[in-house]
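Chemist: Dropping a structure here in structure tokens format, bear with me for questions.
Protein chains: 2
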Amino acid sequence: MVEAIRAGQRLLTPTELEQALREAGFARYHIHHPFHRLMNAGDLTLGQMQAWALNRYCYQATIPKKDALILARSEDPEFRREWRKRIIDHDGEENGEKDGGIRRWLKLAEGLGLDRDMVTARRKALPATRYAVGAYLDLVTQGSLLTAVASSLTELFSPVAIGERVPAMLARYDYITEETLSYFTPRLHQAPRDAEHALALVTRWADTPEKQAEAVEALLAKCDLLWAMLDALHHAYVSPGQIPPGAFRPKDHRT
Amino acid sequence: MVEAIRAGQRLLTPTELEQALREAGFARYHIHHPFHRLMNAGDLTLGQMQAWALNRYCYQATIPKKDALILARSEDPEFRREWRKRIIDHDGEENGEKDGGIRRWLKLAEGLGLDRDMVTARRKALPATRYAVGAYLDLVTQGSLLTAVASSLTELFSPVAIGERVPAMLARYDYITEETLSYFTPRLHQAPRDAEHALALVTRWADTPEKQAEAVEALLAKCDLLWAMLDALHHAYVSPGQIPPGAFRPKDHRT
Numbered sequence: 001m002v003e004a005i006r007a008g009q010r011l012l013t014p015t016e017l018e019q020a021l022r023e024a025g026f027a028r029y030h031i032h033h034p035f036h037r038l039m040n041a042g043d044l045t046l047g048q049m050q051a052w053a054l055n056r057y058c059y060q061a062t063i064p065k066k067d068a069l070i071l072a073r074s075e076d077p078e079f080r081r082e083w084r085k086r087i088i089d090h091d092g093e094e095n096g097e098k099d100g101g102i103r104r105w106l107k108l109a110e111g112l113g114l115d116r117d118m119v120t121a122r123r124k125a126l127p128a129t130r131y132a133v134g135a136y137l138d139l140v141t142q143g144s145l146l147t148a149v150a151s152s153l154t155e156l157f158s159p160v161a162i163g164e165r166v167p168a169m170l171a172r173y174d175y176i177t178e179e180t181l182s183y184f185t186p187r188l189h190q191a192p193r194d195a196e197h198a199l200a201l202v203t204r205w206a207d208t209p210e211k212q213a214e215a216v217e218a219l220l221a222k223c224d225l226l227w228a229m230l231d232a233l234h235h236a237y238v239s240p241g242q243i244p245p246g247a248f249r250p251k252d253h254r255t
Numbered sequence: 001m002v003e004a005i006r007a008g009q010r011l012l013t014p015t016e017l018e019q020a021l022r023e024a025g026f027a028r029y030h031i032h033h034p035f036h037r038l039m040n041a042g043d044l045t046l047g048q049m050q051a052w053a054l055n056r057y058c059y060q061a062t063i064p065k066k067d068a069l070i071l072a073r074s075e076d077p078e079f080r081r082e083w084r085k086r087i088i089d090h091d092g093e094e095n096g097e098k099d100g101g102i103r104r105w106l107k108l109a110e111g112l113g114l115d116r117d118m119v120t121a122r123r124k125a126l127p128a129t130r131y132a133v134g135a136y137l138d139l140v141t142q143g144s145l146l147t148a149v150a151s152s153l154t155e156l157f158s159p160v161a162i163g164e165r166v167p168a169m170l171a172r173y174d175y176i177t178e179e180t181l182s183y184f185t186p187r188l189h190q191a192p193r194d195a196e197h198a199l200a201l202v203t204r205w206a207d208t209p210e211k212q213a214e215a216v217e218a219l220l221a222k223c224d225l226l227w228a229m230l231d232a233l234h235h236a237y238v239s240p241g242q243i244p245p246g247a248f249r250p251k252d253h254r255t
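Sequence order for the protein chains is A and B. Its first residue numbered 1, the first sequence is counted upward by one per residue in full-length UniProt numbering. Its first residue numbered 1, the second sequence is counted upward by one per residue in full-length UniProt numbering.
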């Protein structure tokens with residue numbers, strides 16, 4: 001179906017486009033990556049979990065900037081009001097009850113025994129992680145607004161990933177507590193709310209075969225990006241002897 | 001020594017700074033990467049060589065754009081006149097005797113049996129390669145001009161890499177000819193000319209400990225970038241079963 005859209009053969013109905021996005025996106029979603037499979041099977045070492053949390057922090061910390069860049073591209077206050085919720089979700093409130101996603105991710109990193117300052121400095125993250133995050137900012141600024149919004153649709157699948165990951169992590173890693181994983185709880189309602197909004201826009205805006213193909217391409221480009229971050233982690237921390245110079249070296253790492 | 005510069009403890013003489021750059025850069029240069037070691041030992045399959053040429057094309061094709069962005073940052077016609085040689089070297093002349101580096105790289109790719117259009121389209125390259133190339137453009141535009149110029153200093157080491165690679169490839173892969181490797185011949189005088197120019201500027205411009213540290217950091221950042229591209233290749237094409245979805249799959253690849 002994706003190839004047919006790419007070829008621009010005919011205009012899909014909104015429902016067909018939604019289906020195409022869901023199918024193509026889920027097939028390439030990083031839930032299927034070997035690193036996540038190892039994680040959910042309980043087969044990662046503490047050091048590998050730390051490397052994941054450290055690197056993923058680079059991604060988490062960039063989300064509000066990414067969303068601000070998208071917000072800044074729209075002329076429509078209604079769009080911007082809806083989109084700013086994402087910024088608030090991740091940056092939180094200074095002294096609020098509600099931590100933002102970034103602070104919760106730091107809790108996760110600290111819960112895994114990482115030093116907070118080391119994590120926030122990002123110097124020990126894999127260069128490849130930083131490049132992928134930079135490519136995400138390029139994607140949402142250099143393509144169309146449709147591309148930027150469609151690239152966020154990986155959130156359609158995030159509840160599935162969280163639904164697998166949280167119980168698996170609690171069951172299979174004795175040092176992981178519910179408190180450590182508090183990042184994921186609010187995501188279970190935030191992600192579907194955001195995805196629903198983005199999906200409604202994408203199916204409305206993509207009113208030619210070219211734009212429909214563009215939307216699917218954007219979602220796949222985002223899937224590639226998440227996949228590449230796990231490739232980098234897998235290569236550095238699962239394949240033996242491949243941590244690049246200067247990157248985080250877990251204490252328990254076999255060389 | 002690099003740590004001392006980073007700490008900004010004292011101003012190095014130009015000779016000391018050059019020495020620091022040469023030492024720190026060479027230690028992190030991708031010549032030491034396992035993928036290059038396999039290549040020089042004659043241990044790569046044709047498919048792995050193809051993957052290397054295909055992905056490296058993304059880097060080669062971006063060099064003139066990268067150099068134009070650097071040229072555009074300078075107010076100094078003398079600097080720009082010198083720097084534009086790099087653009088000419090890679091883009092070549094339309095009907096000239098002298099092919100540019102990009103065309104020569106395509107010869108290499110074709111010599112390895114790749115389809116020219118597939119290579120220039122770049123869709124089958126690893127996403128991680130494209131991200132690293134994008135990060136290179138960010139590095140030369142978002143940092144200082146000193147950072148941009150210092151990041152080019154990996155060329156100091158390129159004759160060593162070529163001196164190892166060309167004889168090793170000719171000796172150990174019977175399908176590789178001198179014609180296929182014609183990219184590398186002019187690089188043996190272009191790279192030292194460019195590196196000498198950049199080195200003279202960097203040692204003159206870096207007149208505080210902070211700027212000296214910045215220059216070393218820029219060179220290491222570039223080394224990280226070249227290293228990350230080989231990490232991505234190694235993961236996808238040497239580690240079994242890890243080619244990301246959508247990327248080039250060599251005909252001879254074991255799955």
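We put the beta carbon where it would ideally sit given N, CA and C, even for glycine.
Please report the straight-line C-alpha distance between D138(B) and A171(A), rounded to a whole angstrom.
Modeler: As a first step, residue 138(B) is located in the second sequence; it is residue number 138 there, counting from the start. As a first step, residue 171(A) is located in the first sequence; it is residue number 171 there, counting from the start. Computed Cα separation, rounded: 42 Å.
Chemist: In chain order, which continuous runs of the alpha helix (DSSP H) of length 4 or greater are located wholly inside the stretch 29 to 111 of chain B?
Modeler: Within the stretch 29 to 111 of chain B, the complete alpha helix (DSSP H) runs of at least 4 residues are 34 to 40, 46 to 73, 77 to 91, 101 to 111.
Chemist: From the DSSP output, in three-state form, read off E178(A) for me.
Modeler: Counting from 1 along the first sequence, the entry for residue 178(A) is found at position 178. The answer is coil: DSSP assigns E178(A) none of H, G, I, E or B.
Chemist: Would you mind reading off the limits of the alpha helix (DSSP H) that contains D117(A)?
Modeler: For this step, residue 117(A) is matched to residue 117 along the first sequence. Looking at the DSSP string, the run of the alpha helix (DSSP H) that includes D117(A) is 116 to 121.
Chemist: Roughly how far, in whole angstroms, is the beta-carbon of F248(B) from the beta-carbon of K66(B), given that I think they are within contact range, below 8 Å?
Modeler: In the second sequence, the residue the question calls residue 248(B) occupies position 248. In the second sequence, the residue the question calls residue 66(B) occupies position 66. About 23 Å; that fails the 8 Å criterion.
Chemist: Return the first residue and the last residue of the alpha helix (DSSP H) that F184(A) is part of.
Modeler: As a first step, residue 184(A) must be located in the first sequence, where it is residue number 184. 184 to 205 is the span of the alpha helix (DSSP H), which, as asked, contains F184(A).
Chemist: With 16 as the cutoff for other CB atoms within 10 Å, does E210(B) come out buried or exposed?
Modeler: Position 210 of the second sequence, counted from the first residue, corresponds to residue 210(B). E210(B) is exposed by the Cβ-count criterion.
Chemist: Per DSSP, what kind of secondary structure is G134(A) in: helix, strand or coil?
Modeler: Taking the first sequence and counting its residues from 1, the one referred to as residue 134(A) is at position 134. Reduced to three states, the DSSP call for G134(A) is helix.
Chemist: Just the C-alpha distance for H33(A) and G42(A), rounded to the nearest angstrom, thanks.
Modeler: Translated into positions along the first sequence, residue 33(A) becomes position 33. Translated into positions along the first sequence, residue 42(A) becomes position 42. For H33(A) and G42(A), the distance between alpha carbons rounds to 15 Å.
Chemist: Nearest-angstrom Cα distance between I176(A) and S182(A)?
Modeler: Here residue 176(A) refers to the residue found at position 176 when the first sequence is read from its first residue. Here residue 182(A) refers to the residue found at position 182 when the first sequence is read from its first residue. Computed Cα separation, rounded: 11 Å.
Chemist: Tell me which residues of the stretch 121 to 136 of chain A have at least one Cβ-Cβ distance to chain B shorter than 8 Å, keeping chain order.
Modeler: Here the close residues are L126, P127, A128, R130, Y131, A132, G134, A135.
Chemist: For G163(B), tell me which candidate among F184(B), L201(B), I70(B) has the shortest Cα-Cα distance.
Modeler: As a first step, residue 163(B) is located in the second sequence; it is residue number 163 there, counting from the start. Selected option, being the one with the closest Cα: F184(B).
Chemist: Can you give the beta carbon distance from L219(B) to G25(B), rounded, assuming they're within the 8 Å contact cut?
Modeler: For this step, residue 219(B) is matched to residue 219 along the second sequence. For this step, residue 25(B) is matched to residue 25 along the second sequence. Sure, about 5 Å apart at Cβ, within 8 Å.
Chemist: Since I243(A) is in the alpha helix (DSSP H), which residue starts that stretch and which ends it?
Modeler: Locating residue 243(A) in the first sequence gives position 243, counting from the first residue. Run containing I243(A): none; DSSP gives neither H nor E here.
Chemist: What residue does the alpha helix (DSSP H) around R165(B) start on, and which one ends it?
Modeler: Looking up residue 165(B) in the second sequence gives position 165. Run containing R165(B): 158 to 172, per the alpha helix (DSSP H) assignment.
Chemist: Counting only the same chain and skipping the five closest in sequence on each side, list residues whose C-beta sits under 6 Å from that of T154(A).
Modeler: The count along the first sequence starts at 1 and reaches residue 154(A) at position 154. If we look at T154(A) and ignore the five residues flanking it on each side, its Cβ neighbours are K222.
Chemist: Determine, for G246(A), whether the minimum Cβ-Cβ distance to residues of chain B falls below 8 Å.
Modeler: The count along the first sequence starts at 1 and reaches residue 246(A) at position 246. It does: the Cβ of G246(A) has a partner Cβ on chain B nearer than 8 Å.
Chemist: What residue range is occupied by the uninterrupted alpha helix (DSSP H) comprising E23(B)?
Modeler: Counted from its first residue, the second sequence places residue 23(B) at position 23. Counting along the chain, the alpha helix (DSSP H) containing E23(B) begins and ends at 14 to 27.
Chemist: With C-beta atoms as the reference, is L44(B) less than 8 Å away from V216(B)?
Modeler: By one-based count along the second sequence, residue 44(B) stands at place 44. By one-based count along the second sequence, residue 216(B) stands at place 216. Not a contact, by the Cβ cut-off of 8 Å.
Chemist: What residue range does the alpha helix (DSSP H) around A150(A) cover?
Modeler: On the first sequence, residue 150(A) is found 150 positions in, with the first residue counted as 1. Per DSSP, A150(A) belongs to the alpha helix (DSSP H) from 145 to 150.
Chemist: Whole angstroms are fine: how far does the CA of R73(B) sit from the CA of A135(A)?
Modeler: In the first sequence, the residue the question calls residue 135(A) occupies position 135. In the second sequence, the residue the question calls residue 73(B) occupies position 73. Each residue's Cα considered, the two are about 22 Å apart.
Chemist: Is H253(A) helix, strand or coil by DSSP?
Modeler: Against the first sequence, residue 253(A) aligns to sequence position 253. Reduced to three states, the DSSP call for H253(A) is coil.
Chemist: Using the C-alpha atoms, what's the distance from D91(B) back to R103(B)?
Modeler: Counted from its first residue, the second sequence places residue 103(B) at position 103. Counted from its first residue, the second sequence places residue 91(B) at position 91. Each residue's alpha carbon lies about 8 Å from the other.
Chemist: Is the Cβ-Cβ distance between L71(A) and R84(A) less than 8 Å?
Modeler: Indexing the first sequence from 1 puts residue 71(A) at position 71. Indexing the first sequence from 1 puts residue 84(A) at position 84. The answer is yes: Cβ separation under 8 Å.
Chemist: To the nearest angstrom, report how far apart D174(B) and G111(B) are at their CA atoms.
Modeler: Numbered from 1 along the second sequence, position 174 holds the residue referred to as residue 174(B). Numbered from 1 along the second sequence, position 111 holds the residue referred to as residue 111(B). Computed Cα separation, rounded: 12 Å.
Chemist: Among H36(B), S151(B), T141(B), which has the Cα closest to the Cα of A198(B)?
Modeler: The sequence position of residue 198(B) within the second sequence is 198, counting from 1. It is S151(B) whose Cα lies nearest to the Cα of A198(B).
Chemist: Return the residue from the list A213(B), R116(B), L225(B), H30(B) that minimises the CA-CA distance to A7(B).
Modeler: Reading the second sequence from its first residue, position 7 is the one you call residue 7(B). Taking only the C-alpha atoms, the option nearest A7(B) is A213(B).
Chemist: Quick check on DSSP: helix, strand or coil for residue 256(A)?
Modeler: No information on residue 256(A) is available, as it lies outside the stretch 1 to 255 that chain A covers here.
Chemist: For A4(A), does the three-state DSSP call read helix, strand or coil?
Modeler: Working through the first sequence from its first residue, we reach residue 4(A) at position 4. A4(A): helix per DSSP, three-state reduction.
Chemist: May I have the straight-line CA-CA distance separating V133(A) from A51(B), to the nearest angstrom?
Modeler: Position 133 of the first sequence holds residue 133(A). Position 51 of the second sequence holds residue 51(B). One C-alpha to the other measures close to 24 Å.
Chemist: Using the C-alpha atoms, what's the distance from E18(A) back to P186(B)?
Modeler: Indexing the second sequence from 1 puts residue 186(B) at position 186. Indexing the first sequence from 1 puts residue 18(A) at position 18. Answer to the nearest angstrom: the Cα atoms are 52 Å apart.
Chemist: Is it buried or exposed, R86(B), if we count other Cβ atoms within 10 angstroms and call 16 or more buried?
Modeler: Stepping through the second sequence from its first residue, residue 86(B) is reached at position 86. Buried.
Chemist: Do T203(B) and P64(B) have their beta-carbon atoms positioned less than 8 Å apart in this structure?
Modeler: If you number the second sequence from 1, residue 64(B) lands on position 64. If you number the second sequence from 1, residue 203(B) lands on position 203. No, they are not a contact pair.
Chemist: Less than 8 Å between the CB atoms is what I'm expecting for A158(A) and A109(A), so what's the real figure, rounded?
Modeler: Locating residue 158(A) in the first sequence gives position 158, counting from the first residue. Locating residue 109(A) in the first sequence gives position 109, counting from the first residue. Sequence check: residue 158(A) is Ser here, not Ala. Actually they do not touch by this definition, with Cβ atoms about 19 Å apart.
Chemist: For A195(B) and L188(B), I'd like the C-alpha separation in whole angstroms.
Modeler: Taking the second sequence and counting its residues from 1, one reaches residue 195(B) at position 195. Taking the second sequence and counting its residues from 1, one reaches residue 188(B) at position 188. Taking the straight line joining both Cα atoms gives about 11 Å.
Chemist: Please tell me whether P250(A) and D224(B) are closer than 8 Å, where the distance is taken between their beta carbons.
Modeler: One-based indexing of the first sequence puts residue 250(A) at position 250. One-based indexing of the second sequence puts residue 224(B) at position 224. Cβ distance not < 8 Å, so P250(A) and D224(B) don't count as in contact.
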